[in-house]
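Colleague:
Numbering (the working numbering), first residue to last: 1 to 293.
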């Protein structure tokens with residue numbers, strides 16, 4: 001039997017002791033066995049480090065890289081990529097988890113469709129409500145080779161604009177890195193990867209579970225840095241569409257959505273007498289004028 005190629009699973013972790021064991025066990029329970037799990041501990045100060053060490057002692061496929069200071073998810077992913085030995089890579093957040101067939105089903109599609117990248121489906125666990133939220137009918141699996149332009153038209157879809165829940169050929173990252181220091185790091189990186197890929201598969205199957213928990217980075221409230229990073233990322237997004245020759249309308253729509261959201265949020269919070277709000281209004285008005293031309 002032909003040996004399965006190595007898949008590198010990169011898991012940045014920061015203070016996720018409550019959920020990390022479930023995440024790691026879901027990776028070690030994969031039906032696809034030829035994998036390495038690269039944990040990048042971003043200077044956690046809870047029990048995350050001890051849990052990482054426990055799993056390295058349990059399974060030689062688990063490796064830990066200890067960051068001396070907290071540098072953020074983007075740097076942690078870049079560190080993981082530099083250490084990765086696999087022909088393929090995937091990213092999993094330390095408080096999420098995956099189904100046993102997560103790697104096997106995406107690898108099957110890469111092989112069957114001769115693809116460079118598979119975008120898997122996801123479901124969510126609302127931790128506060130204790131409910132799972134599914135987006136794809138159980139038992140129905142659809143895998144479609146999708147032109148890059150059609151993928152880019154869906155940039156507002158959560159599974160399209162995040163780095164997790166996908167299987168990539170490692171060489172797609174030869175000229176792409178996550179932007180250090182940004183709170184919003186995924187959207188511009190995945191667009192660069194989509195434009196670099198020759199064939200992309202959309203796999204409509206619930207393989208990756210996103211845990212929505214109180215205090216998670218996906219639920220952060222407004223902050224000055226988040227606003228700055230989000231706006232910068234979406235301006236870069238528009239530029240990526242333009243320089244690669246794709247219709248920029250979906251990127252402009254996404255930028256408009258972000259501006260509208262911040263305008264609404266700052267009005268709700270009563271922070272309209274601020275330079276940030278005036279900047280939001282400046283761009284929002286010009287986006288509106290651009291649409292009306």
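Where a beta carbon is used, it is the ideal one built from N, C-alpha and C, also for glycine.
1. I'd like to check one pair, residue 48 with residue 294: are the Cβ atoms closer than 7 Å?
2. What does the alpha-carbon distance come out to for the pair residue 86 and residue 271?
3. How should residue 126 be labelled, buried or exposed, when 16 other C-beta atoms within 10 angstroms of its C-beta is the threshold for buried?
4. What is the DSSP secondary structure of residue 168, counted as helix, strand or coil?
5. Which of the three DSSP states, helix, strand or coil, is assigned to residue 203?
6. Have a look at residue 152 and residue 57 and give me their C-alpha separation to the nearest angstrom.
7. In the DSSP assignment, what are the bridge partners of residue 125?
8. Is it the case that the region 87-102 contacts the region 165-172, given that we only count it when at least three CB pairs across the two stretches are under 8 Å?
9. Would you mind sorting residue 8 into buried or exposed? The rule is 16 or more other CB atoms within 10 Å of its CB.
10. Is residue 51 helix, strand or coil by DSSP?
11. Contact between the region 227-247 and the region 168-178 is defined here as three or more beta-carbon pairs at a separation below 8 Å; is this criterion met?
12. Report the rounded CA-to-CA distance for residue 18 versus residue 45, giving the unit in angstroms.
13. According to DSSP, is residue 248 helix, strand or coil?
14. Beta-carbon separation of residue 97 and residue 22 under 7 Å?
15. Report the start-end ranges of each beta strand (DSSP E) in the region 19-49 that is 3 residues or longer and not cut off at the edges.
16. Between which two residues does the beta strand (DSSP E) containing residue 66 stretch?
17. Inspect the CB distances between the region 102-115 and the region 196-215 and report whether three or more fall short of 8 Å.
18. Would residue 76 be called buried (16 or more neighbouring beta carbons within 10 Å of its own) or exposed?
19. Just mark residue 36 as buried or exposed, buried being the case when its beta carbon has 16 or more other beta carbons within 10 Å.
20. Rounded to whole angstroms, what's the CA-CA distance from residue 138 to residue 122? Just pull it up for me.
21. Counting only the same chain and skipping the five closest in sequence on each side, list residues whose C-beta sits under 6 Å from that of residue 240.
22. What is the DSSP secondary structure of residue 6, reduced to helix, strand or coil?
23. Where residue 294 and residue 108 are concerned, what is the direct C-alpha to C-alpha distance, given to the nearest angstrom?
24. Tell me the rounded alpha-carbon separation between residue 31 and residue 6.
25. At the level of alpha carbons, what is the spacing between residue 289 and residue 54?
26. Got a sec: is the Cβ-Cβ distance from residue 51 to anything in chain C below 7 Å?
27. Quick check: residue 280 and residue 263, are their CB atoms within less than 7 Å of each other?
28. Could you give the residue range of the beta strand (DSSP E) that holds residue 289?
29. Give the C-beta separation of residue 287 and residue 259 to the nearest angstrom, bearing in mind that I take them to be a contact with Cβ-Cβ under 8 Å.
Modeller: With the given structure in hand:
1. Because the chain spans 1 through 293 in this model, residue 294 falls outside it and cannot be assessed.
2. Here residue 86 refers to the residue found at position 86 of the chain shown. Here residue 271 refers to the residue found at position 271 of the chain shown. The alpha-carbon atoms of residue 86 and residue 271 are separated by roughly 48 Å.
3. Here the question's residue 126 lines up with position 126 in the chain shown. With fewer than 16 Cβ atoms within 10 Å of its Cβ, residue 126 is classed as exposed.
4. Residue 168 sits at position 168 when you count from the first residue of the chain shown. In the structure shown, residue 168 sits in a strand (DSSP, three-state: E or B).
5. Position 203 of the chain shown, counted from the first residue, corresponds to residue 203. Here residue 203 sits in strand by DSSP.
6. Residue numbering aside, residue 152 sits at position 152 when the chain shown is read from its first letter. Residue numbering aside, residue 57 sits at position 57 when the chain shown is read from its first letter. So the two alpha carbons sit approximately 42 Å from each other.
7. Taking the first residue of the chain shown as 1, we reach residue 125 at position 125. 132 and 211.
8. Contact holds: three or more Cβ-Cβ distances are below 8 Å.
9. Here residue 8 refers to the residue found at position 8 when the chain shown is read from its first residue. Counting the other Cβ atoms within 10 Å of the Cβ of residue 8 gives 16 or more, which makes it buried.
10. In the chain shown, residue 51 corresponds to position 51, counting from 1. Three-state DSSP puts residue 51 in a helix.
11. No: fewer than three Cβ pairs fall under 8 Å.
12. As a working note, residue 18 is residue 18 in the chain shown. As a working note, residue 45 is residue 45 in the chain shown. Roughly 13 Å between the two C-alpha positions.
13. What you label residue 248 is simply residue 248 of the chain shown in a count that begins at 1. In the structure shown, residue 248 falls within a coil segment according to DSSP collapsed to helix, strand and coil.
14. Here residue 97 refers to the residue found at position 97 of the chain shown. Here residue 22 refers to the residue found at position 22 of the chain shown. Yes, the pair counts as a contact, with Cβ atoms nearer than the cut-off.
15. The region 19-49 contains these whole beta strand (DSSP E) runs: 35-41.
16. By one-based count along the chain shown, residue 66 stands at place 66. Residues 62-66.
17. The way I'd put it, the region 102-115 does touch the region 196-215; three or more beta-carbon pairs between them come closer than 8 Å.
18. Looking up residue 76 in the chain shown gives position 76. Residue 76 comes out buried.
19. As a working note, residue 36 is residue 36 in the chain shown. In the assembly as shown, residue 36 is a buried residue. Its beta-carbon has 16 or more other beta-carbons within 10 Å.
20. Numbered from its first residue, the chain shown carries residue 138 at position 138. Numbered from its first residue, the chain shown carries residue 122 at position 122. Cα to Cα, residue 138 sits roughly 12 Å from residue 122.
21. Working through the chain shown from its first residue, we reach residue 240 at position 240. Here residue 240 has 191 as same chain residues with Cβ atoms under 6 Å from its own Cβ, once five neighbours each way along the sequence are excluded.
22. For the purposes of this step, residue 6 is taken as the residue at position 6 of the chain shown. Residue state, collapsed to three classes: coil.
23. Residue 294 is absent from the structure shown; the chain starts at 1 and stops at 293.
24. To locate residue 31, count along the chain shown from 1; it is residue 31. To locate residue 6, count along the chain shown from 1; it is residue 6. Residue 31 and residue 6 have their C-alpha atoms some 13 Å from each other.
25. In the chain shown, residue 289 corresponds to position 289, counting from 1. In the chain shown, residue 54 corresponds to position 54, counting from 1. Residue 289 and residue 54: Cα-Cα distance of roughly 57 Å.
26. Any reference to chain C falls outside this structure, which holds one protein chain only.
27. On the chain shown, position 280 is the one that residue 280 refers to. On the chain shown, position 263 is the one that residue 263 refers to. The answer is yes: Cβ separation under 7 Å.
28. Taking the first residue of the chain shown as position 1, residue 289 is located at position 289. Under the DSSP assignment, residue 289 falls outside any beta strand (DSSP E), being part of the alpha helix (DSSP H) whose first and last residues are 275-292.
29. On the chain shown, position 287 is the one that residue 287 refers to. On the chain shown, position 259 is the one that residue 259 refers to. Yes, they are in contact, since the Cβ atoms of residue 287 and residue 259 sit about 6 Å apart, within 8 Å.
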